Amino acid sequence: MTTPTPDAHGSVAIAADPAAVYALLTDLPTLASLAEEAESMRWRKGTGAAPGAVFSGENRNGSRTWTTKCTVTAADPGRAFAFDVHSAGIVPIAHWRYDIEPTAEGCTVTESTWDRRPRWILKPAAMTTGISDRTAANFEHIRLTLQRLKQRAETG
Numbered sequence: 051m052t053t054p055t056p057d058a059h060g061s062v063a064i065a066a067d068p069a070a071v072y073a074l075l076t077d078l079p080t081l082a083s084l085a086e087e088a089e090s091m092r093w094r095k096g097t098g099a100a101p102g103a104v105f106s107g108e109n110r111n112g113s114r115t116w117t118t119k120c121t122v123t124a125a126d127p128g129r130a131f132a133f134d135v136h137s138a139g140i141v142p143i144a145h146w147r148y149d150i151e152p153t154a155e156g157c158t159v160t161e162s163t164w165d166r167r168p169r170w171i172l173k174p175a176a177m178t179t180g181i182s183d184r185t186a187a188n189f190e191h192i193r194l195t196l197q198r199l200k201q202r203a204e205t206g
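Going by my numbering, the letters in the sequence shown line up with residues 51 to 206, in that order.
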């Protein structure tokens with residue numbers, strides 16, 4: 051079975067140990083500080099990155115706010131962290147994934163997302179978030195998140 055192409059993605063080379071980068075990505079307060087729309091993230095089931103663990107995300111775009119429920123689907127230290135996002139706990143929104151590839155200089159991190167929203171929720175979602183072109187916004191958000199991750203990982 052082939053994996054579908056992500057709707058938005060980006061990569062960055064980071065001069066830091068893959069395990070240290072993974073630790074940044076799986077520490078929810080740190081990830082929230084790196085991500086463009088995230089205000090905060092908190093473990094709801096489990097206390098750390100492990101398949102099946104659940105966390106909530108408080109998100110903001112200007113004056114608009116919304117909450118999501120995220121379930122960890124992959125947690126491979128130093129290699130990958132992924133989670134499914136749902137609204138109201140049941141409506142699929144997205145799948146996000148961070149892949150970490152070791153390099154001679156440190157690692158390359160690829161952040162990817164797949165839009166999983168049903169068609170009926172597209173207009174209400176745009177009204178809730180203030181974003182009508184989610185794919186374009188996610189490309190920009192990924193660029194900014196990876197830029198912040200690189201800076202944090204390389205400078206501490």
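C-beta atoms are modelled at their ideal positions from N, C-alpha and C, and glycine is treated no differently.
Computed from a predicted model, the values in this text were never measured in an experiment.
Problem set entry | Gly107 classed as buried or exposed, judged by whether at least 16 other C-beta atoms fall within 10 angstroms | With 16 or more Cβ atoms within 10 Å of its Cβ, Gly107 is classed as buried.
For this session: Express the C-alpha separation of Ser137 and Ala73 in angstroms, rounding to a whole number.
Result: So the alpha carbons of these two residues sit roughly 26 Å apart.
Exercise. Using DSSP with H/G/I as helix, E/B as strand and the rest coil, what is Ala70?
Worked result: helix
For this session: Could you check what DSSP says for Thr163 in three-state terms: helix, strand or coil?
Result: strand
For this session: Let me know the secondary structure DSSP gives Ser113 once reduced to three states.
Result: coil
Exercise. When you compare each of Arg92, Ile150, Thr178 to Ala132 by their alpha carbons, which one comes out closest?
Worked result: Ile150
Exercise. The alpha helix (DSSP H) with Ala175 in it runs from where to where?
Worked result: 172-179
For this session: Quick one: give me the first and last residue of the alpha helix (DSSP H) that Arg169 is part of.
Result: Counting along the chain, Arg169 falls outside any alpha helix (DSSP H), and DSSP gives it neither H nor E.
Problem set entry | Local Cβ density within 10 Å of Ser113, reported as buried at 16 or more and exposed below that | Burial is judged here by how many other beta carbons sit within 10 angstroms of a residue's own beta carbon; Ser113 has fewer than 16 and is exposed.
For this session: Ignore the nearest five residues each way along the sequence and tell me which others in Pro79's own chain have a CB closer than 8 Å to its CB.
Result: Ser90, Met91
For this session: Output the distance between the C-alpha atoms of Ala103 and Asp126, rounded to the nearest integer angstrom.
Result: 13 Å
Exercise. Thr97 by DSSP, collapsed to three states: which one?
Worked result: coil
For this session: Rounded to whole angstroms, what's the CA-CA distance from Ala154 to Ala63? Just pull it up for me.
Result: 11 Å
Exercise. Roughly how many angstroms lie between the CA atoms of Asp165 and Ala69, to the nearest whole one?
Worked result: 28 Å
Exercise. Is the beta carbon of Phe189 sitting closer than 8 Å to the one on Ala85?
Worked result: no
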